[in-house]
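Keeping their order, the protein sequence lines are chains A and B. Start counting the first sequence at 26; every next residue gets the next number (the numbering used here). Start counting the second sequence at -16; every next residue gets the next number (the numbering used here). The beta carbon of each residue, even a glycine, is placed where N, CA and C say it ideally should be. Remember, it's a predicted structure, so these values are computed and weren't measured experimentally. Accompanying notes for the structure given below.
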Amino acid sequence: MSVGPEFVDYVAKLAKLQLADDEKDALASDLAGVLEFFEQLDQVDITDVPPAKHVIGLSNVERPDAKSSSLPTDKALANTADTDEDHFVVPKVLPD
Amino acid sequence: MAIKLGELTCAGTARSVASGDLSASELIDSTLDAITAQDENLGAFLAVYGKQARQRAQQIDSDADLRRQPLAGVPIAVKDNLCVAGHQTTAGSRILEPFSPPFTATAVERLESAGAVLIGKTNLDEFAMGSSTENSAFRKTTNPWDASRVPGGSSGGSAAAVASGVVAGALGSDTGGSIRQPAAFCGVVGLKPTYGRVSRYGLVAFASSLDQIGPLTRTVEDAALILSVIAGNDSKDSTTLPVPVPAFQNDLESDASDLKIGVPEAWLGKGVDPDVKREVTAVLAELETAGAELRPIELPHEEFAVATYYVIATAEASSNLARYDGVRYGFRAESNDLADMYANTRSGGFGNEVKRRILLGTFVLSAGYYDAYYGRAQCVRTLLCKDFNQAFRDVDVLVGPTAPSTAFAIGEKTNNPLEMYLSDVFTVTANLAGLPGISVPCGQDDAGLPVGLQIIGPALGEAKILKAARLIEQLRGPFGPAPIV
């Protein structure tokens, strides 16, 4: 696998990041080094080894499906940049 | 009488406040004065709650019930990735700079209910991603033992605040060593509890299967005391374990002859600084002389731990940090449409290391690569857990250095992410296996910098590692204070 600026572009798009060209070059070199380091995991025999789930062995925790208090609307909206009555306002979803 | 902050402990302060020998208000005034005097250079704090802390101290001084609480009047600093209602919580990131949470983290709430006085928020690597606190978007924190060195990270602000003497206790979070490694670098005690021992409610998530909150203190007793206050099941975090929480601080004394210590050979092998090896080996020899049994232990898959950790931690981080899109809270970049707003907000709000980890995590989870990276790492994690389970059939605790070196120079590793990641080599395993670990100061290198010794115990074995740490503390004798005090 080649880790160049195109690779960084592809992953950045998935991660919703917009990167400058000089950032892309530096990140490509960093990512190449780390991904090569990750390749050592190929040496481990994982035949019949299940993936780790909860490491302490806790299973599903359930609660009664009952109404309880939740964050009041004014507090939920207090940290956003723009609101309209009880709603978050965002820029238009479909570009021109 | 002048209060000597560097000599106070949490337990001693609470006793003195309860008996009326110490006024909580005078202590808070001294603490705030000390922060004003030294924090411009030290850089441990991102926010100081002067007015609120003074009010709380007055309340404690005038309320006999509050003065009997286990942490009555004790000033505590908390890492700025723990939410405190109505106070800015940045996680060291520009993207959360405008964020003021509507709720308080359970661990912080429990401290306050136990009589502690929240004094402020401490610096950290952005979203707790880093080993030196150099990734903070806001300021540099220096090591109280040597201002040219890093304090470690990511809980570097909490470690520096405790080591410098301004507070006797602080909270940090530990995803791959972020409590224990800065504790080692700053010469203080740092405890990462068993996964699920302490509620993560109100902790800004980094890697949810690895994150734990824990104390940084100057004594083992104080670490035990704070743990007993913050631990326990919490309906707001369903990963907390429904098990009783002992009063760890009341059961710390033990005899070395009852202790079987496993020494993983690689922990004192290549890559470990000779000074670090010398100090840890000396303490092990003293423990043996005192009657402890030492056994060499093999953890066959440990050499793969750092790679496993960085696959899993970045994968979970990329998922957790997807929530920062500028819509509901935090920084929002002005844009013409929604897709641009997401991308511009995230690109403008996140720092370099966070972007690097989001990209890595996104890639290892992406279609076509998931099985080869994330899936495989989770299988290796299973093998690592088995290695530890096997080891704890034969020994009570595992002991080795907390980090392969003492505090490195500011700027030394910032251009080499992989080298920075490798400084976590001895700490990440406890997070991957969910086990409790503690770092306790055990000596100094030739330059006078603190060396930390790490003790890892079986799941829910906090009492065991605290007792072993207490033994080492007694064998070692008084440590510190850092020269800045």
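- In terms of Cβ geometry, B:Ala273 and B:Leu458 form a close pair [threshold 8 Å].
- Between the beta-carbon of B:Gly309 and that of B:Thr291 there is about 33 Å, and that puts the pair past the 8 Å contact cut.
- If you draw a straight line from the Cα of B:Gly179 to the Cα of B:Gln195, it comes to about 8 Å.
- Counting only runs of 4+ residues, the alpha helix (DSSP H) found wholly inside the region 303 to 388 of chain B occupies 321 to 332, 335 to 347, 359 to 377, in chain order.
- When B:Leu282, B:Asp323, B:Arg339 are compared, the shortest CA-CA separation from B:Leu304 is found for B:Arg339.
- DSSP places B:Leu94 in the uninterrupted alpha helix (DSSP H) bounded by 89 to 96.
- When B:Leu193, B:Gly435, B:Gly313, B:Val266 are compared, the shortest CA-CA separation from A:His79 is found for B:Leu193.
- Taking a Cβ-Cβ cut-off of 8 Å, A:Ala91 has no neighbours in chain B, whose nearest Cβ is about 12 Å from it.
- Here the alpha carbons of B:Gly417 and B:Asp379 stand approximately 16 Å from one another.
- B:Asn335 and B:Arg51 have their C-alpha atoms some 47 Å from each other.
- In the structure shown, the three-state DSSP call for B:Gly136 is coil.
- At a beta-carbon threshold of 8 Å, the residues of chain A lying near B:Met324 are Val115, Pro116, ordered along the chain.
- Rounded to the nearest whole angstrom, the CA to CA distance from B:Val171 to B:Thr202 is 8 Å.
- Around the beta carbon of B:Val266, a 10 Å sphere encloses 16 or more other beta carbons of the protein chains shown; the residue is thus reported as buried.
- Under the 8 Å criterion on CB atoms, B:Asp370 is classed as non-interfacial with respect to chain A.
- Beta-bridge partners of B:Leu277 (DSSP): B:Ile244.
- C-alpha of B:Thr410 to C-alpha of B:Phe462: approximately 22 Å in a straight line.
- Every candidate beta strand (DSSP E) stretch fails here, since none sits fully inside the region 68 to 111 of chain A while reaching 3 residues.
- At a cut-off of 8 Å between beta carbons, A:Gly58 contacts chain B.
- Distance between A:Asp46 and B:Gly331, taken at the CA atoms: about 15 Å.
- B:Val423 carries a strand assignment under DSSP once its states are collapsed to helix, strand and coil.
- Among the bridge pairs identified by DSSP, B:Lys123 is matched with none.
- Under the 10 Å beta carbon count, A:Lys92 is surrounded by fewer than 16 other beta carbons and is classified as exposed.
- The C-alpha of B:Asp48 is placed about 37 Å away from the C-alpha of B:Ile438.
- Taking 8 Å as the cut-off, the beta carbon of B:Ile467 is found no closer than this to the beta carbon of B:Leu174.
- Per DSSP, the unbroken beta strand (DSSP E) holding B:Phe28 starts and ends at 28 to 31.
- Among the residues facing chain A, B:Cys169 is not included, as its CB has no counterpart in that chain under 8 Å away.
- A distance below 6 Å between beta-carbons, with the five flanking residues on each side excluded, links B:Gly33 to the following residues of its chain, in chain order: Leu15.
- C-alpha of A:Val59 to C-alpha of B:Ala68: approximately 38 Å in a straight line.
- B:Ser8: not part of any beta strand (DSSP E); member of the alpha helix (DSSP H) spanning 7 to 25, first to last residue.
- Contacts with chain A at 8 Å (Cβ-Cβ) include B:Ser330.
- Excluding the 5 residues flanking it on each side, B:Glu271 has same chain C-beta neighbours closer than 7 Å at Leu277, in chain order.
- What A:Lys49 touches in chain B, judged by beta-carbon distance under 8 Å, is nothing: the nearest beta carbon there is about 10 Å away.
- Listed by position along chain B, the residues whose Cβ is nearer than 9 Å to that of A:Thr98 form an empty set, because the closest Cβ is around 11 Å away.
- Burial is judged here by how many other beta carbons sit within 10 angstroms of a residue's own beta carbon; B:Gly98 has at least 16 and is buried.
- With a beta-carbon spacing of about 7 Å, B:Thr72 and B:Leu79 fall inside the 8 Å limit used to define contacts.
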